[in-house]
Each structure stands twice: as structure tokens, then as C-alpha cells.
Amino acid sequence: MAIEKKTIRLLILEDSQNEAERLVSLFRNAGNATRVHRLVSRDDLLEALEHNWDLLVCAPTSECLDPHEALSCVRHHGKDIPVILLLADNDTDSVTEALMLGAQDALPQGEDERLVLVARRELVNLEERRARRAADVALREVEKRCQLLLDSSVDAIAYVHDGMHIYANRAYLELFGFDDAEELEGLPMIDLIGSCDQSAFKDFLKNHQNLDNNELACSGVRTDESTFSARVNLSPAAYDGEPCIQVVIRAESANAELEEKLREISSLDLVTGLYNRVHFIELMDKAAHRAVNDEQPASLAYIRVDRYAALLAEMGLGAIDLLLTDLAGLLRSHFPQDAQLARFGDDVFAVLQSGISPQQQRPQLEALLKKAEGHLFDINGRTAQTTLSIGVAGLNETTPKAGEVIDRAQRCADQLDEPGTLKLFDPAEELAAAASRGSVVAMVQQALEQNSFRLLFQPVISLRGDEHEHYEVLLRLLSPSGQEVPPDQFLAVARESGMGEKIDRWVILNSIKLLADHRSKGHATRLFIHLSSASLQDQTLLPWLSVALKAARLPSDALVFQLSEPDAIAYLKQARAMVQGLKDLHCHIALSQFGCALNPFNTLRHLPVDFVKVDGSFAKDLNDPANQEALKAMLASLHGQAKLTIVPFVESASVLATLWQAGTNYIQGYYLQGPSQSMNYNFSSDE
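Under UniProt numbering, the first residue of the sequence shown carries the number 1, and numbering increases by one thereafter.
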């Protein structure tokens with residue numbers, strides 16, 4: 001499952017081609033795909049502004065185009081492009097001037113980490129502005145349609161704020177005998193309600209959001225002081241951006257009893273007399289609103305009749321209706337009067353109870369299961385028995401949607417293996433279900449919680465003789481179906497979801513345990529363990545690692561912590577502090593993916609690493625003499641700095657011979673041995 005990343009469309013105002021490429025590499029190393037254009041003149045900028053761009057980064061100075069002029073040009077053309085000015089120094093006056101000209105930020109040139117963070121912030125803000133503009137357009141269109149519907153509605157509709165009318169449609173005016181909406185201005189709605197019902201209306205207006213029935217029967221007063229019977233329906237709304245109350249008034253006809261019956265029929269199930277599915281979902285929506293806004297929890301029980309299909313085939317439709325009616329009576333007698341009961345489907349009942357959690361509801365439901373199991377249903381002189389399966393889910397302040405709560409309860413009922421049992425929604429099981437549906441985030445979370453990642457070990461073999469056995473630790477994740485999730489995919493998801501640090505600690509802790517056990521058998525083994533960019537920024541890692549090593553009684557030099565060159569460049573300050581801290585603990589350090597930066601040896605001046613693993617691309621196409629010479633030159637330079645070198649991706653005997661001649665210290669690859677679940681490579685065979 002590939003993770004889609006949005007490409008950043010980047011403008012760069014920088015005279016130096018090398019510096020521009022460095023900035024591009026900075027964004028790419030931070031995990032962003034980029035489409036870049038380097039500006040070379042004002043006309044070039046004007047042409048570029050005809051298209052959409054996400055970010056403009058300006059050098060402190062440019063002979064092609066003054067950065068301040070570029071900023072003014074962007075603003076003059078009304079383009080929403082965040083502009084970041086790089087400054088030659090950290091002078092506050094320069095920062096203030098740039099901000100006054102409209103730049104989103106200004107920072108000293110060379111503060112790469114800060115630049116990435118600022119750019120990320122501005123890109124997020126840009127996406128939010130674009131989304132807001134799209135939402136504004138959609139909202140205006142919806143408001144136009146709603147206004148047309150209101151004006152043409154045959155229902156009498158008004159909007160009331162603080163008891164005063166702020167809008168009324170034509171049907172509302174005609175109902176009360178007004179000729180024009182201006183006559184309603186400043187008129188309290190209470191004046192349109194009969195005096196005998198005003199007290200009840202005030203209470204209804206004040207508490208309607210907390211009532212399950214949001215309709216009130218009362219009398220209305222027309223302008224000619226005549227009265228009529230009406231039903232008032234209230235609901236929260238907004239008009240012209242202001243919160244208010246929507247009022248729908250329906251005058252009762254002469255056949256009020258028939259209308260009442262129709263309303264009752266519309267909300268009830270005709271077989272059982274309980275609420276029907278449509279009305280129950282409305283009750284669930286209101287309960288979700290109360291749970292989120294008023295912190296009033298609720299519990300939903302999804303009750304399925306076991307063996308329904310067999311009973312239907314055996315007894316027939318008429319008899320099954322009698323059974324359901326009897327069961328509905330059993331539910332009414334079992335639950336308190338304030339519980340909301342519904343027939344949710346052919347064989348499903350639903351019970352909504354406010355003010356309690358699923359755990360609090362459990363004893364009550366367990367008692368219902370026993371009562372139903374022992375109940376004898378009398379169906380036209382015949383006796384029938386059945387049991388119930390119940391799934392339970394709660395509504396609280398984190399409830400996303402009422403429909404999701406219903407789905408959770410239904411899934412719990414579906415997962416029951418035995419009839420006559422119940423199951424409460426468990427977030428951990430929901431996580432497992434999400435993992436089964438292919439969510440990589442859920443798979444990673446589940447692996448962390450259940451300790452189900454898998455560690456593999458690939459030997460790192462010395463060509464120059466070494467008393468130690470070396471393995472690189474590799475992390476693997478299996479999907480619920482047993483298929484391996486590509487490491488690049490799940491590690492990228494973990495990084496984006498903020499779980500990179502937790503994964504690193506899991507790998508370190510489990511590697512230490514396995515290594516301590518392995519060394520206790522007489523092996524002089526070292527492990528290469530990866531550290532992600534998240535761990536480079538984690539100031540609590542070193543104290544935690546010190547405690548973990550002491551607890552395992554493992555010598556610190558048995559671990560080689562491996563940093564990648566892109567991460568080290570992007571977080572050089574943090575990497576330097578981390579390397580120094582690891583050195584203080586007497587751990588070894590390795591730098592991997594070496595050689596792809598514009599100036600890779602510059603990184604080594606800041607990081608006193610012990611091992612350098614060159615990028616795998618250098619081991620490819622070594623049949624080309626030019627590539628061989630480039631690799632030999634790099635290895636010679638590294639050896640001149642007393643670095644132990646590692647070349648990965650050794651896939652053939654010919655590559656092995658070339659690397660021997662090139663003088664590399666260690667090799668690694670499938671030609672020697674691929675990753676294995678055991679540290680079982682016979683290093684003595686290579687001596």
C-alpha cells in the first residue's frame with residue numbers, strides 16, 4: 001500500500017546553482033518530493049506566476065532579481081505563495097523589514113533545520129487556506145440553495161436569536177397574517193404564542209437541545225388576534241454566520257387526530273410498537289451531540305435475535321411477528337422507562353441509554369440474556385425459544401459519528417461465536433480489524449502494542465580479519481494475512497504518524513535482549529542498529545539507553561548505532577549531540593548511505609563515526625572502470641581518516657573481488673547471506 005506524498009512546487013531565487021541544488025536536496029531529504037524552478041530574472045518570475053506554486057525561497061541577495069522586488073511582485077499579482085527570505089545575518093531589523101514587506105518568515109541562511117520546519121508550517125497553512133477558500137465557495141453555493149428552499153417552502157420557517165425574529169419566509173408571514181418581513185423586526189416570538197402556552201414555550205425554547213422530543217403543541221396568535229393550534233419544532237442553526245434557532249411551525253388541521261397518528265406511525269415500528277430505524281438514528285445523532293458538547297455519555301446495545309432465519313422458515317412470517325412483539329414487551333419491562341428502544345432491523349433491536357457507559361450497562365444486559373434464554377414465547381399455542389446476541393458500544397466526548405458507534409456495536413455482535421452472549425467494543429480489537437483491512441498505521445500500532453515486529457539479522461563480514469562477529473539488525477512487519485509490508489512503506493508511515501521514536505526503542509530493547517543471550521553463549525557479536533531522525537531529536541534516548549544497557553549487563557561497545565547520511569545532514573546539530581552522547585556511553589557509531597550528498601566528507605568533520613557504509617549505488621555496475629575508480633578513491637579517502645568502511649549489496653563473486661582490491665574493510669549482501677531470523681552465520685568460513 002503506497003503512501004501518497006504531495007509534490008511541493010518550489011521556486012528558488014538563488015544565483016548559485018550548487019546552493020540551489022543543496023536547498024532542493026534539503027527538502028527531498030526531509031521526505032518531500034519537489035518540482036523546482038530556479039528564477040533567473042524578473043520576466044522569468046512573471047512567467048512563473050502564471051502557474052501555481054507552493055513556496056518561494058529567496059537568497060539574501062541576487063544579481064538576477066532583488067529578493068524584496070520578487071516579494072513585491074508576488075504580492076502585486078495577488079498570488080498566495082508563501083515567501084521565505086534567507087538573511088545574511090540574524091539582524092532583527094532585517095527580519096522585521098521582511099515581515100513588513102509580506103514575507104511569511106525570514107531566517108539566517110544556513111539554518112537548514114529551521115528552514116525545513118518553517119517551510120513545513122507554511123505549506124500546511126497554505127493547504128488550509130486553499131481548503132478554506134474551496135469551502136467558502138461551496139458554502140456560498142449551499143447558502144444560496146438553502147435560501148431558495150426556505151423562501152419557496154410551504155412550511156412556515158423562521159430563525160430566532162435571543163427570542164427575536166431575524167428571518168421569516170413567506171409561509172411564516174402568511175400563517176401569522178403579516179404582509180411584510182419588516183413587520184416582524186424587533187418582535188419577540190413569544191408574542192406569537194398564546195398566553196396560556198407562553199410559560200411552556202419559554203421552557204421549551206431554553207431546553208429543546210436536551211429533549212428527545214423537540215416538538216411542542218401550543219396555540220399561535222395571528223395579527224388579527226385570532227388563534228390556531230400549532231406544533232412548533234426547534235433545532236439549532238446558523239443564519240448569516242450567527243448561531244440561532246430554526247423554528248418550523250405547522251398549523252394543525254381539523255383532523256388533528258389523524259395527523260398525530262401519522263406522526264406516530266412515521267416514528268414507530270408497526271409490528272413491535274418500538275421506534276423504527278429512521279427515528280432511532282435521529283435519537284443517536286442527538287445523543288452523540290450531547291456526548292461531545294455536554295460530556296454526557298451514553299451506551300448503545302445492538303441486540304440480535306439468534307436463529308432468526310431458522311425460526312422464520314419454521315414458523316412463518318405471521319408467527320415470527322408475534323415472537324418479535326412478545327420480545328419487544330420483554331425489552332420494555334426489562335429496561336428503565338427513559339431507555340430508547342427500537343426495532344433496528346428484521347432481527348435486530350437497539351437500546352440507547354443516556355448517562356451510563358457500556359461497562360455500567362453490562363450487568364443489565366447479562367441479566368437480559370438470561371431472561372431471554374429462559375423465556376417461553378407463546379406463538380398461537382406453540383412454544384418457541386430463542387437467545388440473543390448483543391454488541392455494545394459507547395458514546396463519549398471522542399465519539400466521531402453516531403453511525404460509527406452503531407457500526408462498532410454491530411461488529412461486536414457479528415463477532416460473537418456463541419449465541420446468547422454479549423461483547424463490548426474494545427479499541428484494541430478495533431485496531432486489529434483496521435490492520436486486517438490494510439491500514440498500515442494500524443498495523444504498526446498493533447505491532448508496537450503486541451510486540452509483534454520481527455527482527456532479522458544480516459551478517460557484516462570483514463575482509464581484513466576481525467575478532468568480532470557483526471550483524472545488521474533489520475526490522476520487518478507482517479500484515480494480518482502474513483504478507484511482509486515493505487520496510488520503506490511502513491517506516492515512512494511510522495515517521496509521518498509520530499511513531500518513529502517508539503519503533504527505534506522497540507528495536508533497541510529487543511536487540512539488546514537477543515544480543516545479551518547470544519553473547520552469553522560465547523560469541524563476540526556486535527549489532528548495527530538503525531536510528532531514525534525521530535531518535536536524533538529525542539533528548540531522552542541516551543538516559544534510557546544507559547539504563548537499558550546496565551539492566552542487560554551488556555557492554556556498550558557491543559552496539560553500533562547507525563545514522564543515515566540524509567538524516568545526519570538534515571539534523572546535523574542533533575546528530576552531533578547524539579554521536580557525542582553515544583561515544584560517552586562507549587557505543588560505536590556508523591554512518592550509512594554515504595556518498596550521495598554534494599559534499600559528503602563535510603558531514604564527517606562534524607560526526608566522529610567509527611564505521612562508514614557507502615551508499616548501495618556504488619556497488620552497482622562495478623564492471624565500469626570509471627565506477628571502480630570512483631569507489632576506490634572514496635574508500636581511500638575514508639581509510640585516510642581512519643574510518644572502517646562497509647560496502648553493501650554484494651550480489652556476485654566478481655563484485656567481491658573488486659571490493660577486495662579496492663581495500664574495503666567489510667562487505668554485506670545476498671551473495672554472502674541474506675537477512676535471517678537467527679545470528680547463525682559461520683564467520684570462520686571466511687577467514
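Beta carbons are placed, not taken as given, at the ideal position from N, Cα and C, and that holds for glycine. Everything numeric in this text was worked out from a predicted model, so none of it was measured.
task: Please name the residue, chosen from Tyr571, His334, Gln359, Ile508, that lies closest to Lys370 on a Cα-to-Cα basis.
output: Residue mapping note: residue 370 aligns to position 370 of the sequence shown, counting from 1. Among Tyr571, His334, Gln359, Ile508, the Cα nearest to that of Lys370 belongs to His334.
task: Could you pull the start and end residues of the alpha helix (DSSP H) that Met315 belongs to?
output: By one-based count along the sequence shown, residue 315 stands at place 315. Note, Met315: alpha helix (DSSP H), 308-315.
query: Taking the alpha carbon of Phe228 as the point to measure from, which residue in Gly220, Lys620, Ala181 has its own alpha carbon closest?
result: Locating residue 228 in the sequence shown gives position 228, where the first residue counts as 1. Comparing Cα-Cα distances from Phe228 to each of Gly220, Lys620, Ala181, the minimum goes to Gly220.
Exposure of Gly355, with buried meaning 16 or more beta-carbon neighbours within 10 Å: The residue given as residue 355 occupies position 355 in the sequence shown. Label assigned to Gly355: exposed.
task: Tell me where the alpha helix (DSSP H) around Ala626 begins and ends.
output: Translated into the one-based positions of the sequence shown, residue 626 becomes position 626. Residues 625-640.
Residue of Ile245, Pro236, Pro419 minimising C-alpha distance to Gly391: Here residue 391 refers to the residue found at position 391 of the sequence shown. Here the closest residue by C-alpha is Pro419.
query: At which residues does the alpha helix (DSSP H) containing Thr96 begin and terminate?
result: For the purposes of this step, residue 96 is taken as residue 96 along the sequence shown, with counting starting at 1. Its alpha helix (DSSP H) spans residues 92-100.
query: Which partner residues of His161 appear in the DSSP bridge assignment?
result: Your numbering for residue 161 matches position 161 in the sequence shown. Met164, per the DSSP bridge assignment.
- prompt: How far does the beta strand (DSSP E) with Arg304 in it reach, from first residue to last?
  reply: Position 304 of the sequence shown holds residue 304. Counting along the chain, the beta strand (DSSP E) containing Arg304 begins and ends at 298-305.
message: Please return the same chain residues whose Cβ sits closer than 7 Å to the Cβ of Ala524, not counting the five positions on each side in sequence.
response: The residue given as residue 524 occupies position 524 in the sequence shown. Within the same chain, Ala524 has close Cβ partners Glu467, His468, Glu469.
- prompt: Does the Cβ-Cβ distance between Cys58 and Leu99 come in under 9 Å?
  reply: Counting from one through the sequence shown, the residue named residue 58 turns up at place 58. Counting from one through the sequence shown, the residue named residue 99 turns up at place 99. It is not a contact, given that the beta carbons lie outside the stated cut-off.
query: Are the segment 155-166 and the segment 124-144 touching, with three or more C-beta to C-beta distances below 8 Å?
result: no
message: Please report the distance separating the alpha-carbon of Asn665 from that of Arg35.
response: Counting from one through the sequence shown, the residue named residue 665 turns up at place 665. Counting from one through the sequence shown, the residue named residue 35 turns up at place 35. Approximately 39 Å between the Cα atoms of the pair.
message: Could you check whether Leu474 and Ala490 sit closer than 9 Å to each other, using their CB atoms as the reference points?
response: Working through the sequence shown from its first residue, we reach residue 490 at position 490. Working through the sequence shown from its first residue, we reach residue 474 at position 474. In the sequence as presented, Ala is not what sits at residue 490; that position holds Phe. No, the Cβ-Cβ distance between Phe490 and Leu474 is not below 9 Å.
field: Within 9 Å, strictly: CB atoms of Thr386 and Leu317
entry: Here residue 386 is taken as the residue at index 386 of the sequence shown, counted from 1. Here residue 317 is taken as the residue at index 317 of the sequence shown, counted from 1. No, they are not a contact pair.
query: Buried or exposed: which applies to Arg114, given that a residue is buried once 16 or more other Cβ atoms fall within 10 Å of its Cβ?
result: Your numbering for residue 114 matches position 114 in the sequence shown. With fewer than 16 Cβ atoms within 10 Å of its Cβ, Arg114 is classed as exposed.
task: Output yes or no for whether 9 Å exceeds the beta carbon distance between Ala662 and Val650.
output: Stepping through the sequence shown from its first residue, residue 662 is reached at position 662. Stepping through the sequence shown from its first residue, residue 650 is reached at position 650. Cβ atoms of Ala662 and Val650: not closer than 9 Å.
message: Quick check: what's the CA-CA separation for Phe349 versus Val232?
response: Within the sequence shown, numbered from 1, the residue matching residue 349 stands at position 349. Within the sequence shown, numbered from 1, the residue matching residue 232 stands at position 232. When rounded, the distance between both Cα atoms is 30 Å.
message: Can you confirm whether the segment 562-576 touches the segment 502-512 when touching is taken to mean that 3 or more C-beta pairs between the two stretches lie within less than 8 Å?
response: no
For Lys613: DSSP bridge partner residues: Residue 613 sits at position 613 when you count from the first residue of the sequence shown. According to DSSP, Lys613 bridges with Ile646.
Own chain partners of Val292 with C-beta closer than 7 Å, once the 5 adjacent residues on each side are dropped: Here residue 292 corresponds to residue number 292 of the sequence shown, with the count starting at 1. The residues are Glu397, Thr399.
Identity of the residue in Gln641, Phe683, Met284, Ala570 nearest Ser25 by Cα: By 1-based counting over the sequence shown, the position of residue 25 is 25. The option with the nearest alpha carbon to Ser25 is Ala570.
query: To the nearest angstrom, how far is it from the Cα of His68 to the Cα of Thr61?
result: On the sequence shown, position 68 is the one that residue 68 refers to. On the sequence shown, position 61 is the one that residue 61 refers to. Whole-angstrom Cα-Cα distance: 9 Å.
task: Below 8 Å on the Cβ atoms is my guess for Gln668 versus Gln458; work out the distance and round it to an integer in Å.
output: As a working mapping, residue 668 is identified with position 668 in the sequence shown. As a working mapping, residue 458 is identified with position 458 in the sequence shown. About 6 Å separates the two Cβ atoms, so the contact holds.
field: With 16 other Cβ atoms within 10 Å as the buried cut-off, status of His76
entry: Locating residue 76 in the sequence shown gives position 76, where the first residue counts as 1. That one is exposed.
- prompt: Quick one: what's His530 bridged to in DSSP?
  reply: Residue numbering aside, residue 530 sits at position 530 when the sequence shown is read from its first letter. In the DSSP output, where bridge partners are listed per residue, His530 has Gln562.
task: Assign Glu314 to buried or exposed, taking buried as 16 or more other Cβ atoms, counted over all protein chains shown, within 10 Å of its Cβ.
output: The residue you call residue 314 lines up with position 314 of the sequence shown. With fewer than 16 Cβ atoms within 10 Å of its Cβ, Glu314 is classed as exposed.
- request: Going by CA-CA distance only, name the one from Arg382, Ser299, Asp321, Gln337 that's closest to Ala309.
  value: As a working note, residue 309 is residue 309 in the sequence shown. That would be Asp321, whose Cα lies nearest to the Cα of Ala309.
- prompt: On the three-pair Cβ rule with 8 Å, is the segment 486-503 touching the segment 581-597?
  reply: no
field: Burial state of Glu185 (16 or more Cβ within 10 Å)
entry: Counting from one through the sequence shown, the residue named residue 185 turns up at place 185. That one is exposed.
query: Using the rule of at least 16 other Cβ atoms within 10 Å of the residue's Cβ for burial, across every protein chain shown, is Gly394 buried or exposed?
result: If you number the sequence shown from 1, residue 394 lands on position 394. The residue is buried, with at least 16 neighbouring Cβ atoms inside 10 Å.
- request: Less than 8 Å between the CB atoms is what I'm expecting for Ala402 and Met284, so what's the real figure, rounded?
  value: As a position in the sequence shown, residue 402 is number 402, starting the count at 1. As a position in the sequence shown, residue 284 is number 284, starting the count at 1. So it is a contact: roughly 4 Å between Cβ atoms.
task: Would you kindly check if the distance between the Cβ of Ala251 and the Cβ of Ile245 is under 9 Å?
output: Sequence index remark: in the sequence shown, residue 245 carries index 245 (1-based). Sequence index remark: in the sequence shown, residue 251 carries index 251 (1-based). No, the pair does not count as a contact, with Cβ atoms beyond the cut-off.
query: Sorted by chain position, which residues of the same chain lie with C-beta nearer than 7 Å to Leu45's C-beta, five sequence neighbours on each side aside?
result: Taking the sequence shown and counting its residues from 1, the one referred to as residue 45 is at position 45. If we look at Leu45 and ignore the five residues flanking it on each side, its Cβ neighbours are Leu39, Leu65, Ala70, Cys73.
- request: May I ask you to report which of helix, strand or coil DSSP gives Ala254?
  value: Taking the first residue of the sequence shown as 1, we reach residue 254 at position 254. Because the pLDDT at Ala254 is just 48, under 50, the model does not fix this residue reliably, and the value given afterwards should be weighed accordingly. Ala254: coil per DSSP, three-state reduction.
One or two residues paired with Arg476 in a DSSP bridge: Within the sequence shown, the letter at position 476 stands for residue 476. In DSSP, Arg476 forms a bridge with Arg454.
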